[in-house]
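Protein chains: 2
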Amino acid sequence: MTIEQFSTKGRLADVGEGITGDELQLAARNHGIPLEALRYDLTPPGLHYVLVHYDIPLTNAFDWRLTVNGCVEQPIDFGLTELRAMGRQTVRVTLECAGNGRANLHPRPISQPWLMEAVGTAEWTGVPLAALLEAAGVLPEAVDVVFTGADHGVERGIEQDYQRGLSVAEALESNALVAWEMNGLPLPPQHGYPLRLIVPGWYGMASVKWLRSIELIDKPFTGYQNAEAYRIRTEAGEPGVAVTRIEPRALLIPPGHPDFMTRHRFVPAGEVTLQGRAWSGWAPVDRVELSTNAGATWQDAELDASSNEDLAWRPFSFTWQATPGEHVLTVRAHDKSGRVQPIEAPWNRGGFANNTAQRLTVLVQ
Amino acid sequence: MTIEQFSTKGRLADVGEGITGDELQLAARNHGIPLEALRYDLTPPGLHYVLVHYDIPLTNAFDWRLTVNGCVEQPIDFGLTELRAMGRQTVRVTLECAGNGRANLHPRPISQPWLMEAVGTAEWTGVPLAALLEAAGVLPEAVDVVFTGADHGVERGIEQDYQRGLSVAEALESNALVAWEMNGLPLPPQHGYPLRLIVPGWYGMASVKWLRSIELIDKPFTGYQNAEAYRIRTEAGEPGVAVTRIEPRALLIPPGHPDFMTRHRFVPAGEVTLQGRAWSGWAPVDRVELSTNAGATWQDAELDASSNEDLAWRPFSFTWQATPGEHVLTVRAHDKSGRVQPIEAPWNRGGFANNTAQRLTVLVQ
Numbered sequence: 575m576t577i578e579q580f581s582t583k584g585r586l587a588d589v590g591e592g593i594t595g596d597e598l599q600l601a602a603r604n605h606g607i608p609l610e611a612l613r614y615d616l617t618p619p620g621l622h623y624v625l626v627h628y629d630i631p632l633t634n635a636f637d638w639r640l641t642v643n644g645c646v647e648q649p650i651d652f653g654l655t656e657l658r659a660m661g662r663q664t665v666r667v668t669l670e671c672a673g674n675g676r677a678n679l680h681p682r683p684i685s686q687p688w689l690m691e692a693v694g695t696a697e698w699t700g701v702p703l704a705a706l707l708e709a710a711g712v713l714p715e716a717v718d719v720v721f722t723g724a725d726h727g728v729e730r731g732i733e734q735d736y737q738r739g740l741s742v743a744e745a746l747e748s749n750a751l752v753a754w755e756m757n758g759l760p761l762p763p764q765h766g767y768p769l770r771l772i773v774p775g776w777y778g779m780a781s782v783k784w785l786r787s788i789e790l791i792d793k794p795f796t797g798y799q800n801a802e803a804y805r806i807r808t809e810a811g812e813p814g815v816a817v818t819r820i821e822p823r824a825l826l827i828p829p830g831h832p833d834f835m836t837r838h839r840f841v842p843a844g845e846v847t848l849q850g851r852a853w854s855g856w857a858p859v860d861r862v863e864l865s866t867n868a869g870a871t872w873q874d875a876e877l878d879a880s881s882n883e884d885l886a887w888r889p890f891s892f893t894w895q896a897t898p899g900e901h902v903l904t905v906r907a908h909d910k911s912g913r914v915q916p917i918e919a920p921w922n923r924g925g926f927a928n929n930t931a932q933r934l935t936v937l938v939q
Numbered sequence: 575m576t577i578e579q580f581s582t583k584g585r586l587a588d589v590g591e592g593i594t595g596d597e598l599q600l601a602a603r604n605h606g607i608p609l610e611a612l613r614y615d616l617t618p619p620g621l622h623y624v625l626v627h628y629d630i631p632l633t634n635a636f637d638w639r640l641t642v643n644g645c646v647e648q649p650i651d652f653g654l655t656e657l658r659a660m661g662r663q664t665v666r667v668t669l670e671c672a673g674n675g676r677a678n679l680h681p682r683p684i685s686q687p688w689l690m691e692a693v694g695t696a697e698w699t700g701v702p703l704a705a706l707l708e709a710a711g712v713l714p715e716a717v718d719v720v721f722t723g724a725d726h727g728v729e730r731g732i733e734q735d736y737q738r739g740l741s742v743a744e745a746l747e748s749n750a751l752v753a754w755e756m757n758g759l760p761l762p763p764q765h766g767y768p769l770r771l772i773v774p775g776w777y778g779m780a781s782v783k784w785l786r787s788i789e790l791i792d793k794p795f796t797g798y799q800n801a802e803a804y805r806i807r808t809e810a811g812e813p814g815v816a817v818t819r820i821e822p823r824a825l826l827i828p829p830g831h832p833d834f835m836t837r838h839r840f841v842p843a844g845e846v847t848l849q850g851r852a853w854s855g856w857a858p859v860d861r862v863e864l865s866t867n868a869g870a871t872w873q874d875a876e877l878d879a880s881s882n883e884d885l886a887w888r889p890f891s892f893t894w895q896a897t898p899g900e901h902v903l904t905v906r907a908h909d910k911s912g913r914v915q916p917i918e919a920p921w922n923r924g925g926f927a928n929n930t931a932q933r934l935t936v937l938v939q
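In order, the protein sequence lines correspond to chains Y and E.
Quick note, in this note's numbering, the first sequence goes up one by one and the last residue is 939.
Quick note, in this note's numbering, the second sequence goes up one by one and the last residue is 939.
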């Protein structure tokens, strides 16, 4: 067996090719939110989506050090105690994986096979990233900020620590947080214990877990996760466009009760309150449309107040007079930047940012 | 669309048929333990395996009632406060899903497609089931005890609340617990909040979540989950044998670092400490064998003390002199009842209790 067999190149599924064993291994490790858990404004522990590129590293809060170095006046390193002394801020943030929706694309890019459930909302507590950068003193020649986690592995033939870069402007203006608590408790191992970055509004790949280093560099960062992996491309080899903020999406809590195997839904006839959540990383959601006839006609759902309008999902509801027979429910979000969730999102080779509208088949009895 | 399309019959995958969309939906909702999390003696929240047949129900501890009725001297119902007043016992238990290993079978039964990761160990706190049965007074004619959860759905065409039965003897002798805490906190929603049964040593299907009723009946229970679903059969339609206790299994913590997509492992040459966990629901594990040459030769691993020898997994370790090249690691558990984990477990139609030995491919560099 060769290194190429150990670490395969990216590929697209053949026509009609079922989910592969490699994809299933990832689906068995990583998990999404069961859609009925959209009922909780704050996602309970263990129901928030998780994606781990390599292994969850074995870490320890007691001797953990976070270094800030590179193009700074004064390199500093921080332990947890020092970070806690710098202040404490809690924000409620909806995070979504950039690969959410990938397994519904045709052809299907072979990678973590998310359907639509790679989302969750948590309260993260930590110190603003800007405060750490200010403490170190960012030099004028700094261009990008590189965040390095403690997880280590090989991806498409390249051995690496997980690393992502932001521009200095993005790092300062994104209200990013260096967090040590999730929902009021120390971070769980799979969410970055003891320290992670949270970049509100951005897909999850920016929120580097098990954060151990912040380096300021004087040229654009060209690491694997920025320059190779997380890019919107239609052809292999083209530079593509960086994946950044979360595209608008609405998801319904499936009504009625499910069939175990197909997850199809059975709903009693009569008045049904349909509920769900909608979010966007670009701007607050200001409209959700819902269709009970597979998109033939649409009506506005009622929007409830968000618990954190800028950063967290917004609940919506809709009263449906359900008549016997099969119905396809679908829903789409609009945000204040003018973005509208598409009925079918454009395809891309990496399977990123696929916010194609959810379709939910129900049998009304 | 008909009810048969909404709730399909059980079937086997065709030769070469990839994982189906239905299976992927289940894999995206339910999740296993990432194998590196076998390093924790007690599985942290969110890393313990979860299987939910229908939806996680919306429940409330404040007005929750558990009824004990049927063939008893005195039907009783309990709120959480009354249960807490009856005593408090904490046990460390390893739970495994009966379908663990299903997706590795040939032909593959189409259902929740576990590979080998549907396991976890937690500390459960509650009151012994025997104390509740004693309080109600089991009448001599009682044969079976039926446990009903609040989750509701359709399975293979049959609408049902999730229900499982035990014989009165099994209920009394299994040291079963009616639990309200997991690892010292109220049960998470997906693990049965506010109340669940824990039947140590049995596959997870016996540990009914969202427990609301315990009924004693004067004949054997013939409900779907006992008589139809959880049975070892080689032919459709035969009565089969009930799935009960957990068969022995050992799992290695994958050494070195992984490739993202294939999960193959890269290991530096030299001395490597291989570690893992082994368990059995029949009797304590008393031996673990390990092979670093795909089963050609075997050596005994060193067993550490279990934190709860009867009910929880037992750690093992093995020092390996890793030489460059490809190696297949495999491992198997023995227990004090004389059961030995097979290199390849016999096939069955439901895909239950497949404790075929783990095989882990590593490239030593």
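Even glycine gets a Cβ: it sits at the ideal position worked out from N, Cα and C.
9 Å Cβ cutoff, residue i in contact with chain Y
i       : result
W688(E) : yes
H627(E) : yes
Q737(E) : no
T655(E) : no
R933(E) : no
P608(E) : yes
T836(E) : yes
D833(E) : yes
H908(E) : no
R823(E) : no
Y777(E) : no
Closer than 9 Å to chain E by CB, residue i
i       : result
F636(Y) : no
Y804(Y) : no
H680(Y) : no
P604(Y) : Just to set this straight, residue 604(Y) is Asn in the shown sequence, not Pro. So yes, N604(Y) belongs to the interface.
I772(Y) : no
L640(Y) : no
G924(Y) : no
Through-space distance from residue j to residue i, alpha-carbon basis
i       : j       : result
Q799(E) : R730(E) : 11 Å
L759(E) : V589(E) : 46 Å
A896(E) : Q579(Y) : 20 Å
V624(Y) : A710(E) : 44 Å
I650(E) : F636(E) : 18 Å
M756(Y) : R823(Y) : 23 Å
T866(Y) : G653(E) : 40 Å
P763(E) : L612(Y) : 12 Å
Option in the options with minimal Cα separation from residue i
i       : options                               : result
N678(E) : V938(E), Q939(E), I917(E) and L937(E) : I917(E)
L903(E) : L937(E), V782(E) and A927(E)          : L937(E)
L751(Y) : K793(Y), G590(Y), A692(Y) and R666(Y) : R666(Y)
L848(Y) : P858(Y), A743(Y) and A875(Y)          : A875(Y)
A692(Y) : P794(E), V841(E), H605(E) and G899(E) : H605(E)
L769(Y) : L703(Y), E708(Y) and L707(Y)          : L703(Y)
P618(Y) : P608(Y), V626(Y), H627(Y) and L625(Y) : P608(Y)
T808(Y) : T633(Y), T582(Y), R923(Y) and N634(Y) : R923(Y)
E863(E) : T796(E), L825(E) and A709(E)          : L825(E)
E733(Y) : A870(Y), P763(Y) and H627(Y)          : H627(Y)
E591(Y) : R682(Y), I577(Y) and Q648(Y)          : R682(Y)
Beta-carbon spacing of residue i, residue j below 9 Å
i       : j       : result
A753(Y) : G739(Y) : no
V719(Y) : I788(Y) : yes
F892(E) : Q873(E) : yes
L600(Y) : R839(E) : no
V773(Y) : F926(Y) : no
L621(E) : G675(E) : no
G811(Y) : R805(Y) : no
A743(E) : D735(E) : no
G949(Y) : R819(Y) : Chain Y is shown from 575 up to 939; residue 949(Y) falls before or after that span and cannot be answered.
G775(Y) : S741(Y) : no
Whole-number beta carbon distance between residue j and residue i, since they are thought to touch under 8 Å
i       : j       : result
V646(Y) : L785(Y) : Between L785(Y) and V646(Y) the Cβ distance is about 16 Å, and since that is not below 8 Å, they are no contact.
F890(Y) : D878(Y) : 7 Å
G850(E) : I827(E) : 6 Å
V701(Y) : L657(Y) : 5 Å
Residue i: CB within 8 Å of a non-hydrogen atom of the ligand GTP
i       : result
G584(E) : Absence of the ligand GTP from the depicted structure is noted, as is the absence of any ligand whatsoever, leaving it without description.
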